[in-house]
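Enquirer: Just add 2 to the spot in the sequence shown (first one is 1) and you have our numbering. Cβ atoms here follow ideal geometry from the backbone N, Cα and C, with glycine treated the same way.
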Amino acid sequence: MSIVVLHQSATLPGLKDQGWPARPLTQPPCRLRGIDVELAGAGDNNSGLWECEPGRFERQLANAEVMHILTGAGTFTPTGAAPLQIRAGDTLFFPANTTGEWHVHQTLRKVFVVMAM
Numbered sequence: 003m004s005i006v007v008l009h010q011s012a013t014l015p016g017l018k019d020q021g022w023p024a025r026p027l028t029q030p031p032c033r034l035r036g037i038d039v040e041l042a043g044a045g046d047n048n049s050g051l052w053e054c055e056p057g058r059f060e061r062q063l064a065n066a067e068v069m070h071i072l073t074g075a076g077t078f079t080p081t082g083a084a085p086l087q088i089r090a091g092d093t094l095f096f097p098a099n100t101t102g103e104w105h106v107h108q109t110l111r112k113v114f115v116v117m118a119m
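(1) Does residue 40 pass the burial test, meaning 16 or more other C-beta atoms within 10 Å, or should it be called exposed?
(2) I'd like to confirm the pairing. Which residues does DSSP put opposite residue 57 in its beta bridges?
(3) Residue 69 bridges to which residues according to DSSP?
(4) Pick out whichever of 97, 75, 101 has its Cα sitting closest to the Cα of residue 62.
(5) Can you have a look at residue 8 and say buried or exposed, based on whether 16 or more other CB atoms are within 10 angstroms of its CB?
(6) Which whole-angstrom value is the C-beta distance of residue 66 and residue 96, which I expect to be below 8 Å?
(7) If you reduce the DSSP assignment to three classes, tell me which class residue 50 lands in.
(8) Which residue wins for smallest C-alpha separation from residue 117, given the options 110, 54, 44?
(9) Quick check on DSSP: helix, strand or coil for residue 31?
(10) Do the segment 71-87 and the segment 25-41 make contact, defined as three or more Cβ pairs closer than 8 Å?
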């Protein structure tokens, strides 16, 4: 068993470019960066660090997701619900099939676990 430690993950350099959201709502679209972390025994679940520059986009992920916000701030507005203000230090638990709109105000970096369906 190998334990992965990402020291100072809020400021860790070297995140890889991941393009932009599939459904951007601003032009130019916000840039995405991240790294995936392989976790033995996690099955098809995915985990890692993810970062998004300011902008707006639709959340389209059908999977359940747990995330902890390391840096930045934004608003997530679930479809048909009130906006949620999100900032560094917050932990979110998204049920499967959660849709809505992200509005990233300050570059947002998170630790995430996306559950396999």
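Expert: With the structure as the only source:
(1) exposed
(2) 106
(3) 94, 114
(4) 101
(5) exposed
(6) 6 Å
(7) strand
(8) 44
(9) coil
(10) no
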